[in-house]
Amino acid sequence: MKVYEKNNSVILEGVADFDPKHIFECGQCFRWHIQDDGSYTGVAKGKVINVSKDNDKIYLNNTNLEEFNTIWYNYFDLGTNYTEIKNTLKNMDEYLDKACEFGWGIRILQQDGWEMLVSFIISSNNRIPMIQKAIENLSRKYGKFIGEYEGKEYYAFPTPEELNKASQEEIRACQTGFRDKYIKSTTESVIKNKENISAYTNLSTEECIKELTKFNGVGPKVGDCIALFGMQKYDTFPVDVWVKRVMQEFYVEEDMSLPKIRKYAIDKFGDLAGFAQQYLFYYARELGIGR
DNA sequence: AACCAGGGGTCGT
DNA sequence: ACGACCCCTGGT
Numbered sequence: 006m007k008v009y010e011k012n013n014s015v016i017l018e019g020v021a022d023f024d025p026k027h028i029f030e031c032g033q034c035f036r037w038h039i040q041d042d043g044s045y046t047g048v049a050k051g052k053v054i055n056v057s058k059d060n061d062k063i064y065l066n067n068t069n070l071e072e073f074n075t076i077w078y079n080y081f082d083l084g085t086n087y088t089e090i091k092n093t094l095k096n097m098d099e100y101l102d103k104a105c106e107f108g109w110g111i112r113i114l115q116q117d118g119w120e121m122l123v124s125f126i127i128s129s130n131n132r133i134p135m136i137q138k139a140i141e142n143l144s145r146k147y148g149k150f151i152g153e154y155e156g157k158e159y160y161a162f163p164t165p166e167e168l169n170k171a172s173q174e175e176i177r178a179c180q181t182g183f184r185d186k187y188i189k190s191t192t193e194s195v196i197k198n199k200e201n202i203s204a205y206t207n208l209s210t211e212e213c214i215k216e217l218t219k220f221n222g223v224g225p226k227v228g229d230c231i232a233l234f235g236m237q238k239y240d241t242f243p244v245d246v247w248v249k250r251v252m253q254e255f256y257v258e259e260d261m262s263l264p265k266i267r268k269y270a271i272d273k274f275g276d277l278a279g280f281a282q283q284y285l286f287y288y289a290r291e292l293g294i295g296r
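Just so you know, the first sequence maps onto residues 6 to 296 in our numbering.
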C-alpha cells in the first residue's frame with residue numbers, strides 16, 4: 006500500500022479489501038452518510054472526513070498524513086489482513102464463501118467505546134434512520150462544534166461529561182424515545198463510577214461483555230455490538246434479526262433460540278466470529294434473506 | 001384521508 | 001415467558 010498527501014487529502018494506492026459502501030453500510034456505524042457523488046462523509050474521532058474510491062485508489066479527504074498515521078490507519082483497521090480472514094472463512098462453507106465475495110470490502114472500524122455504548126443503546130428496538138437521527142441530535146445539542154464541510158455543520162459525539170448535562174427529558178427531545186432513561190442512567194453511572202470505557206479493550210471478551218451488560222439498556226445483543234465495534238472483541242457474534250434469519254436459513258433449525266445461535270456461531274467461527282457476523286449481516290440485509 | 005400493522009432489543013412483571 | 005416501550009414507514 007502506497008500512502009501520500011495531496012491537497013488536504015490522503016491517497017491510498019493499492020489497498021486491498023476496502024470498499025466504502027461495504028464498510029459504512031454493514032451495520033457497524035451510524036454517522037456516515039452517502040453524498041451525491043457516491044462518496045461518504047462522516048464524523049469520527051472529533052473530525053469530519055470524506056471517503057471515496059476510484060479504481061484502486063482510496064481518497065481520504067479533509068485530512069492529512071499526520072492524522073492518517075495517528076488516527077485513520079487504526080480507525081480503518083488497515084493493519085489487519087482481511088484477505089487472510091476472508092480466505093479462512095470462505096474455506097469453512099459455501100455460504101460464507103458467497104457472503105465474503107459479496108461484501109468483499111468490509112472492514113470492522115475501530116470506533117470509540119463510549120460512542121458505541123450510547124449508540125447501540127439507541128439501536129435497541131429501533132431502525133437505522135431513527136438511530137442516525139437521534140445520534141445526530143445528541144451530537145448537535147451536546148457535542149463540540151467541529152466545523153463546516155461542504156456547506157454543512159458537523160458536531161462531535163458528546164463526551165460523558167457533556168452528555169451528563171442533559172436531563173432525561175432533553176435526551177428524549179433528541180428522539181431517543183423510551184431509551185431516554187437508559188441513556189441517562191448509563192451516562193450517570195459512567196460519571197459516578199469514573200468508568201474509563203476505552204480501558205474495556207483490555208478486558209477479556211467475556212469480562213468485557215459482562216461489564217457492559219451491567220449498564221441499563223445493554224442486553225446481550227447490544228453488549229455484543231459494543232464489544233465488537235468499540236472494543237475490538239472479534240470473537241463474539243451479535244445476533245440481531247437479520248443475523249438470526251441468515252443463520253436459520255443456512256445453518257440452524259428455525260426454532261433455535263438467540264443465545265443458542267450465538268453459541269453455535271462462536272463455536273463454529275471462533276476468533277473470526279465477529280468478522281463472519283459482518284459478512285453474513287451485510288449479505289442477508291442487502292439480499293433480504295429470510296424476509 | 002385516516003387508520004392500523006410491522007419492525008426492532010431490553011426491561012420489568 | 002410475555003407484554004410494554006417510541007416512532008417512522010408502508011399498506012389498506
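By construction, the Cβ of each residue, glycine as well, lies at the ideal position given by its N, Cα and C atoms. Note that the structure is a prediction, hence the values are computed from the model and not measured.
Beta-bridge partners of residue i, as assigned by DSSP
i: H27; result: DSSP output for H27 lists no bridge partner at all.
i: E153; result: E158
i: V20; result: DSSP, once it has assigned bridges, lists no residue as partnering V20.
i: K7; result: E18
DSSP-derived helix/strand/coil call for residue i
i: T46; result: strand
i: L65; result: strand
i: D59; result: strand
i: G148; result: coil
i: G39; result: Checking the sequence shown, residue 39 turns out to be Ile, not Gly. I39 falls in the strand class under three-state DSSP.
i: S14; result: strand
i: I54; result: strand
i: V123; result: helix
i: E141; result: helix
i: C34; result: coil
i: S129; result: coil
i: P163; result: coil
i: I113; result: coil
i: G293; result: coil
i: G108; result: coil
Contacting residues, own chain, Cβ-Cβ under 6 Å from residue i (five flanking each side not counted)
i: A104; result: Y284, L285 and Y288
i: F242; result: R267, A270, I271, A278 and Q282
i: F255; result: Y100
i: N66; result: S14 and N55
i: S128; result: I136
i: I76; result: K50
i: S144; result: Y160 and F162
i: F274; result: A281
i: R36; result: G47 and V48
i: C230; result: F125 and P243
i: K58; result: P25
i: V251; result: L285, A289 and I294
Chain-order list of residues whose beta-carbon lies under 7 Å from that of residue i (same chain, five-residue window excluded)
i: T85; result: none
i: I90; result: L277 and F280
i: T88; result: A21 and D22
i: E259; result: Q253
i: T181; result: I127, A139 and I188
i: T93; result: L277
Cβ-based burial, residue i [other Cβ within 10 Å; buried from 16]
i: E30; result: buried
i: I188; result: buried
i: Q116; result: buried
i: E106; result: exposed
i: Q33; result: buried
i: F73; result: buried
i: R184; result: buried
i: S124; result: buried
i: I133; result: exposed
i: A204; result: exposed
i: K170; result: exposed
i: K249; result: buried
i: D98; result: exposed
i: Q40; result: exposed
i: L217; result: buried
i: E18; result: exposed
i: I214; result: buried
i: V223; result: buried
Contacts around residue i, its chain only, beta-carbon distance under 8 Å, and the 5 residues preceding and following it disregarded
i: N69; result: E10, N13 and V15
i: Y80; result: A49, K50, L114, Q115 and Q116
i: E167; result: Y147, G148 and K149
(message) Give the list of continuous alpha helix (DSSP H) stretches no shorter than 4 residues that lie fully inside the stretch 165-243.
(response) 165-168, 173-176, 185-197, 210-217 and 225-235
(request) Run through the stretch 244-291 for me and flag every whole alpha helix (DSSP H) of 4 or more residues, listed as ranges in chain order. (result) 246-255 and 263-274
(message) Could you tell me which whole alpha helix (DSSP H) segments of length 4 or greater appear in the stretch 65-99?
(response) 87-95
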